Each structure stands twice: as C-alpha cells, then as structure tokens.
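Please read the structure below before turning to the comments.
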Amino acid sequence: MSKSVYVSKAAAVAIVAVAALALVAVIGMVIFQHTRIHQCPSPLPPTAPPTELITPEPMPNLRLPETLIPESYEIYLQVHLHTEVNNSDNQDLRFTGNSTVKLKCLNATNTIYIHSKALNLTVLGVTDENGKGVPVSRVRMWEDKTEFAEIELANTLRVGGIYYLSNEFQGECNGSNGMFFRSYKEKKDKFTTAFVAASQLESTEARKVFPCFDEPAMKAVFNITIIHRRGSIALSNMPQKDNVEMEIDGEEWVVTEFFPTVKMSTYLLAFTVSSFESKETNHGRIKLRTWSRPEVMAAGHMDYAHSITGKLLDIFEEYCGVKYPLSKLDQIGIPEFPIFGMENWGLIIYSEKYLMYEAGISSTSEKYWTAILIAHELAHQWFGNLVTMRWWNDLWLNEGFATYMSYLAMDRMEPDKDMKDLFIVWETQMAMRVEYEGLFSGLTEDYPSTRNEIRTMYNIFTYSKGGAVLRMLAETLTESVFEKGVQSYLKAYQYNSAETQDLWSHLQRAVDNSSVHIPVAEVMDTWMQQAGYPLITINTTSGEVSQEHFFLPEIPSQYNYTWQIPIKVMKSGSEEIKFDLITVKGPVSKSVYQCNENEWILANVNYTGYYRVNYNPENWEKLLQQLETDHQKIPTLSRAQLIDDAFKLAGIKYVNITLALRTTKYLLNDTEFIPWETAMIHLHHLILMFDRSEVYGPMKAYLSKLVGPLYDHFESFTNKSSIPDRHTAQLNQVNAVTVACANILPKCQKMATNLFDLWRKDPTTNPIHPNLRPMVYCSAIGAGGEVEWDFAWKMLKMSSSDVERERLVEALACTKQVWILNRYLEYTLDPDKIKPELFSSTIRSIANNVVGQYLTWNFVISQWSNITQMLSGTYSAEELISGVTLRFSTKYDLQQLKTFDELHSGRGVFVESLKRTQTNINWMEENKQTVLEWFQREVSHGNNKV
Ligand SMILES: *[C@@H]1O[C@H](CO)[C@@H](O)[C@H](O)[C@H]1NC(C)=O
Ligand SMILES: *[C@@H]1O[C@H](CO)[C@@H](O)[C@H](O)[C@H]1NC(C)=O
Ligand SMILES: *[C@@H]1O[C@H](CO)[C@@H](O)[C@H](O)[C@H]1NC(C)=O
Ligand SMILES: *[C@@H]1O[C@H](CO)[C@@H](O)[C@H](O)[C@H]1NC(C)=O
Ligand SMILES: *[C@@H]1O[C@H](CO)[C@@H](O)[C@H](O)[C@H]1NC(C)=O
Ligand SMILES: [Zn+2]
C-alpha cells in the first residue's frame, strides 16, 4: 500500500499528526437501500448443520493452526451492483458466491479453521481426493478477534491427504475495504450517477469477500470467476480466460473467468466491476492497460501514468533480476479510493486523483508524486508480491523497500540524476523528525496479532524509516553489492515468504563476495529492533567520538541503546570519503575524527545515515566558515544535514539557537533545492512563532534578503510564468517564490499581481504556470480586496479540476480583509458553497493566515457543534484543532485550549495540541530574545553580507 509518498513539503507539521491515522481514514458514503430481492444463483443444498455464532473465551492464538495449508481456490463471485442505474432504488449492493479450497493436511486434525468476517457463510461440505464426503458435525463462527469459522468434522483428516472444502457466502459492498463501491457523476446525454465496485484486501480484508486462509504466508493459486451485469467490465489479477453472456433468473449477466493466478497471498487479490474505459499498450510481452472513468480518459489525464509504467517496469526488472511474471498489468483509478494506491498483483488500484496528471493544471511536484506513487506500487510487484513478508511484523520489508525503490527508479527514469536526493527531504528527515518525539518502538520489535495491531504497522516508520535504513545500508555496502544481495534474496524466496533475517543473510552473502566487510545482521538489528536513532558527537581536537539516544528532553530515553553506526567521513581539502563503523557508546578516540586546527571534519557525508551529528564548537565554526566562503566544498545533501542537525540540536539545547540560524546565512549563495527545502521547514516554524510579534520585522527583512538572489536566479522564468529545465530547479523556483512573496519582496508581489490581473482580464485562459499558482493566487488575493477575492471565488465555482479547486480554496484564505475572512469561515458551514470534503482544509488554511488565526479559533469555539457534524469525513477533530492551533505559544493560548478541551471532550483528546503549545511556550521563553537580537544584528549590517 502506499501512503507515505505524500508526506512531504511544507505541510510537514500537520502531516506528522495525520500519518499515524491515515490508514484508518474512512470516506463517508451513502448506502442505497435495495428494494428488490435477488435470488441467489442455483444454491446447492447445504450438507452441514446450521451455523452457530459463538463468543467464547478468546483463542489462545490468533494465528491459523498449521495443520492444513491451502493449495488452490476456485472462487465464483457474483457482484450484483449495476454500474449504470437510472433509479438508484434499484441498486443492489450484494455480492454472492461460492468457493472451493483445496487443502493439504500437514498434521492430523478433525477441525478446519478458516477466516471469515461479515459474510453470511454456509458450509457446503468437505470431500477428499476421491470426491468422498467427510461429514461435518458442527460449524461455529467465532465472533471475536480471531475472525475464524471453525468446521468440526466427524472424522480425522489424514496427514498428507488432499481435501476440498466448499462454501457459499453472501456479503455487501459497503465500507471502504473488502468489496466496496464508489459512485460518481457521469455525463452522457445528461448527468447520471454511475457506480464502480472494487476491492481493497490488505491487510485482513480478503476474509470479508470469501472464506480463506487469510495470512500472507498462506500462498495459493486462485481460480477466479466474476459474474457481473451485462454492459460492465470485470477485472482481476490475471488476464481474462473466458467471457460468456448468460441469463440468470431472468436477468442479463456476463460470466468472466480469469486464468489461474500465480502462487500468491490473499491480501493481493483484486476485483473490480465498472464501466470504465482503458488505454492499452503492448510493452514487450506485457499488456499494459490504464483504466479510468470515461471522462477522465477522454481528457487525457491518464496519459502520463500510462506513459511511464513501461519504463518503470523495465527498470525494476533489470534491478531485481527477475522478470515481471504476469502477461498483463492493469492500473485503475477509482474516485475516492480510501488510500493512494494498492499494489494488487496485476491489477493495481489507485485513488483516481493521485493517478491523474492534468496537463496545464498539475504542478511539477504533483507529477512527481504520481510517478513516485506508481513506482512504489510497481516496486511491490517484487517486494511484497513475489516475495512477501512472512507476517505483518515484517511489513517494513514490503513498505520500506517500495519506498526506497520508488526514488531509485525515478532517478533511473529521469535524465537529471538528482531525483533520488528528494528521498532526504520527503522520507529521511520526515521520519527522523517524528521519531525524535518518541512516538515509536522498533521497526520489527512488536508482534501484531489483532486486526487493530496490524493496522498500526502502517506508519511513517515502516515506510520512511524502513526506506531510510535501507538507503543507509545500500550506501554502506555500495549500490552494486546491495543490488546483488537483493537479487539473490528475491530469487531465493520468490512465490514464497521471508523474514528480515533472510534479507540480511542474502546481503551478507553478497558482502562476503565483495571487498566490503560488514556484519550485516549485527549492524542492522540495532536499527530494526531499537526505537529512535542515535546522535553522534565528535570532538575533532581529541578525535573522540561517542553516541547517545537522540530524544526530546521531556521524554528522556529509558533505553540503554547502542547502535552499530556506519559513518562516512570527509576532511577539508580532500575529496576522499573514509568509512568507519562505530559499535560502542564511547567516547573512543579514532584518528579519522581528528584534524588540525585549520581543517574541518564532516561526518555522515551525503546524509546517508539515519542519525544526527554534533561537533565540538571549533569544528562547527569551521564548517560555518566553509559554507560562507565556498559552500560547494560541502556536498549538497550534507549542507541540508548541517541545517537540519543544527536546528534539532538547538531544540534539545545541545547547541545555541544562533548556531542553527547561522547555518542558513550561506543560503544567500546556494540555489540547490534540498538545502533550501530543509531550511524552509525550520524557518516556517520560526515564522509561525513570531509573525505576530516584534521579531517579525527584522526576521522578514532577513528572509527577504536571504531569498533575493535565489529569486533573481529564477526571475527570468518566473516573470514569463515559465519554469527551468532541471527537475529540482523547478521545485526550488517554487521555494524562491514562496519565501519571496510571503515576506513581501516587492518584485514578487508585483509579478503576482501582474499575472493574476492578466488572468482576471481573460478568465478563459489562465497564464499562470501551475507550479506558481499557489503563491501567485495567494499573493494577489492577499494584496487585493473584494474584486480579487470574488474573481477567485467565481473561478473556484467554475473549475472542474479537484487540484485547481484545492488551490483556490487555499488561496482564498490569504486575504487580509477581516470581514472577507469571516464571511469565508461562514461559507465553510454551507455545503453548497464549500464541499464538505474541503471543510477541514479550508478551516486550516484560514488559520494559517496570520490575520485569520484568532478569527478561526473564535469561529471554531462558537460553532463547535456544527463543526463536529461537518467532520464526519476524513478528518478528525484532533487534526482540525491541531491545524488551527499551530501558532499557539503563550500561556493565554494554552489556557484557552485547556478550557476548550475540558468543555468539549474532557478526555484530553487534544493532547497533541496541548503538548505542542507547551513546547512552544518553553521554546519562546528560552529563545525569543536571542532570536530577536540575532535577526536585528543580521539586518543592521546593511551590506549584502546578510
Ligand atoms: C484451479 O485451477 C488449476 C489449474 O487449472 C487446477 O489445477 C486447480 O485444481 C484449480 N483449483 C481448484 C480448487 O479447483
Ligand atoms: C458456484 O457457483 C457457480 C456459478 O453459479 C456454479 O456453476 C458452481 O457449481 C457453484 N459451485 C459450488 C461448489 O457450489
Ligand atoms: C506437524 O507436521 C509437521 C510436518 O508435517 C511436523 O514437523 C510437526 O511436528 C507436526 N506438528 C504436530 C503438532 O504434530
Ligand atoms: C446476512 O444475514 C443477516 C441475518 O440473517 C441478514 O440480515 C443480512 O441481510 C444477510 N446479508 C446478506 C448480504 O445477505
Ligand atoms: C575536545 O577535546 C579537547 C582535547 O581533549 C578538550 O580540551 C576539549 O574540551 C574537548 N571539547 C569538547 C567540546 O568536549
Ligand atoms: Zn506500499
């Protein structure tokens, strides 16, 4: 599954809170009543006694016993949904079907346990190889956490014997996983409502579609037949084998049979029934198809996704050394699919919005996210589908790999080779920021058993930290040794499942055949089994190095952790990168960390490690000097790391806040994206803290000065509303305009107003480049009045693109006119004005505006009962409050929040917001004066040496 790929950019702070909850998000939907009752097709008379429902004492073990293993299934699934209806009263959301599973008996037993949930299950019978029945004496449904059906037999099954268990079942397409449906408006002669049914079975939802051995290691072959309404198209993992029209109970149906699957896990099965259209290409031996609503297909919004899929597949085939084993790959975009994407083998399902690339509307970063998302799901075809984690505790083997590989593949696909570097800001830094707050235990330490425990495995760590430690390992072993090890791991466990240790042992073999010497498992276990990450402290005078757990001071580490830390070190005046492995707490003295007084040492070169580095003050000084005199001597990613580490070390008071601020001064001369992006995340926090105080004056002056040269660097593009060629340059142009316009650099303001006016004069063609729209809209509306606001509002109403609508909704929050902001807040409660799904983001955008902050807070307090009703969608009350209170940093703020919390929840629901407010108060008390003086000093120099 994919989600973390969107954890990125300036929304960082807000997203951190969302990350852990994202998977649980449920899209609200309308369930249509079915008034007509349909007959089930030719049911066989049940041979088993009626099913008992029981809730006894819990099973000692939530895992299936290993007495029986499935070899293959035969599944008939009849989806009653009409994809086109004129009158929704006739919609039928049921699915009915039957299944036969072929089992092999490993240990003698007289009980079959099989997963089944929310299915009306009827056991049809059990037979042996010769078709002879094995009488069923009792069937019990465990209505507890096991989600087992227990089938007790009159006779004991023989070890080595083959048996067939047949069931019949009925369920409903509802909710947001298992089988579910989505509806959308479709324009034929007039607007009608159309429907699509789709599946989402990771992690434990296959059991909601048919009874099965629903554990990832219980791989089997699946023979699937879907029976669906005439006029609709059914897709599944494999290519279609047969397709016949048939009349059943006086209705027109199509019976689509698929080829048997390869041996695979249940959670990777997929089914869709739709009247979508597709685009098709034969890519060598693989038929590639991309599916979407006809309207989206006709507009060409799937062209980009379709065009890169083949290239990415080739890259993965080459990297993995194993061919994609199926003869087709379907990718389908479903409106409001609950997650970004799901890697079902041969039928990848995406949220339509993230698969789409709208030429002329989507921005460069939106395009990358689409590409990274596709690369992520394609990587899973090997990492997850071909080789699957044995159990969910090793989920990181799926998700960490897919995260790491997605950037690697992007890098190989695009000609300018710095795409991989985006990993640093979008994954590594993000995970390190969250993890330091102590929200986490080891990557593979916990053993999840229940549905809810498994769900919590889908967090930023399995994705981003998992990817980051793989990157650290790959950079330590060298890419080519890593790739060899990965290839041998994939070959050894294909169509099978593996554990973390299996990966280490194959990487070790590759290491042993190379010139590298690293005990892979020993090193990696310290990163996988321990929470958090270390801080390395280096004294370049004595050459001493030591490590400690890097933690927020409020939550001192209870653990006596030691990591095995691969470190790349460089010294001034030399390009040579030395390698060292630290295995003890230290301090220990090593000559690699020692230099004379004119030299500096830089550790964790290129930010390859998942840790932070602190130095003795003298070395920091020399590094700062180097940045200011010739920053290119320090590699780009390391520049980002120095900024990131300095701010984080200041956060725990290991260095002075002024040292952190000084790491940003050299940005006057830097045009690279990664260091700028890193600095912006930290500066954004300062802005939130200070934009209502006397600090903001000098701070704004500092920021406009700092960004001036960067703005000029891109100005010739920006003024023409065009973009540079290099990909990361395009992203940094956005940063330049964001910082410049937000801090009221006059030429930025002028550029924005000009472009916006051009658009206003001719609304039919928007001359503003999509990359620049958020800032241009925001600046023009911020500087303007009612006329600009009303124009943008009109464009919002007219726009047919979700992406554009979201941009406009955010930009409308930029006005400085209090009465307009208040009117806008009122609009959010009217679903005809602001769509309910945009409610939370609109509120948060208004709160983000310094003028709107308290207006929003007052609005939230006074309208809370209305607001909680609006919230029943994707966002929780906590997330909303968290977004509205980002700036809270005074005792008064804290008191208000506490009162509100007691009044409306009394359960400390807003605990994260309260905690953050307290942290902000402490931070302000300690740093405000220092920061004010520092900014004042910096801007009073008057010359261009900021
Ligand atoms: C599924 O199909 C395969 C190949 O045709 C066959 O060998 C297997 O027995 C089938 N499985 C079941 C449960 O019918
Ligand atoms: C399952 O349903 C299909 C289609 O209705 C039918 O042909 C088949 O005989 C059924 N199989 C079992 C085991 O009931
Ligand atoms: C189950 O069978 C396997 C091999 O088929 C054997 O290794 C194992 O000891 C058996 N377990 C029990 C509890 O009988
Ligand atoms: C399952 O059985 C329950 C109880 O008999 C019934 O209310 C429900 O409608 C059934 N569901 C389906 C999908 O047939
Ligand atoms: C670094 O080592 C030198 C020499 O032992 C010592 O004088 C100095 O205090 C140390 N610096 C720090 C910051 O520990
Ligand atoms: Zn994934």
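Those letters in the sequence shown? Residues 76 to 1021, per the working numbering, in order. We put the beta carbon where it would ideally sit given N, CA and C, even for glycine. Predicted model, so just to flag it, every value in this text is computed and none were measured.
The straight-line gap separating the alpha-carbon atoms of H358 and G435 is approximately 28 angstroms. Between T793 and Q808, the C-beta spacing is below 8 angstroms.
With respect to the C-alpha of M599, the residue from G385, A543, K646 and N635 having the closest C-alpha is A543. Around N230, the same chain offers V209 as residues with beta carbons nearer than 6 angstroms, after the five sequence neighbours per side are excluded.
Relative to the Cα of K723, the nearest Cα in the group L565, L156 and Y686 belongs to Y686. When C-alpha distances from Q1011 are compared across E769, L276 and T503, the shortest belongs to E769. A residue is called buried once 16 or more other Cβ atoms fall within 10 Å of its Cβ, and T1005, having fewer, is exposed.
Around the beta carbon of K775, a 10 Å sphere encloses 16 or more other beta carbons of the protein chains shown; the residue is thus reported as buried.
Put simply, the backbone Cα of E912 is about 44 angstroms away from that of V1014. For G208, the pairing in a beta bridge is given by DSSP as T202. Spanning the alpha carbons of T683 and V782 requires a straight line of approximately 28 angstroms. In this structure, the beta-carbon distance from L552 to V500 does not fall below 8 angstroms.
Within the same chain, V586 come within 8 angstroms of H592 by CB-CB distance, once the 5 residues on both sides are set aside.
Along the segment 941-1011, the alpha helix (DSSP H) occurs as fully enclosed runs of 4 or more residues at 952-959 and 966-979, listed in sequence order. Bounds of the alpha helix (DSSP H) holding H381 are D378 to C395. Nearest to Q622 by alpha-carbon distance, out of S951, K338, T994 and P662, is P662.
Taken in chain order, the unbroken stretches of beta strand (DSSP E) that lie wholly in the segment 674-745 and span 3 residues or more are 676-678 and 687-690. Per the coordinates, the alpha-carbon of K973 lies some 38 angstroms from the alpha-carbon of R848. Here S915 is buried, its C-beta having at least 16 other C-beta atoms within 10 Å.
Here N527 is exposed: its Cβ has fewer than 16 other Cβ atoms, across all protein chains shown, within 10 Å. For A229, the enclosing beta strand (DSSP E) has its first and last residue at F223 to L232. Here W864 is not near T903, since their CB atoms are 8 angstroms or more apart. In this structure, S664 sits near S617, with a CB-CB distance shorter than 8 angstroms. With respect to the 8 angstroms criterion, W420 and L401 are classified as neighbours on the basis of their beta carbons. Looking at the backbone, the Cα of G200 and that of N242 are separated by about 7 angstroms. A residue is called buried once 16 or more other Cβ atoms fall within 10 Å of its Cβ, and G860, having fewer, is exposed. Only residues of its own chain outside the window of five on either side were considered, and among them I302 and M321 have a CB closer than 6 angstroms to the CB of W328, listed in chain order.
In this structure, the beta-carbon distance from L152 to K283 does not fall below 8 angstroms. Secondary structure of T158 (DSSP, three-state): coil. Between L712 and D496, the beta carbon gap of about 6 angstroms places them in contact (Cβ cut-off 8 angstroms).
When DSSP states are grouped into helix, strand and coil, K872 belongs to the helix group. The segment 262-274 and the segment 210-217 do not touch, with fewer than 3 CB-CB distances between them shorter than 8 angstroms.
Of the candidates E218, C287 and L181, the residue whose Cα lies closest to the Cα of G236 is L181. DSSP links A573 through a beta bridge to M464. Our two residues, V984 and R530, have alpha carbons roughly 21 angstroms apart in a direct line. For S311, the enclosing beta strand (DSSP E) stretches over residues I308 to S311.
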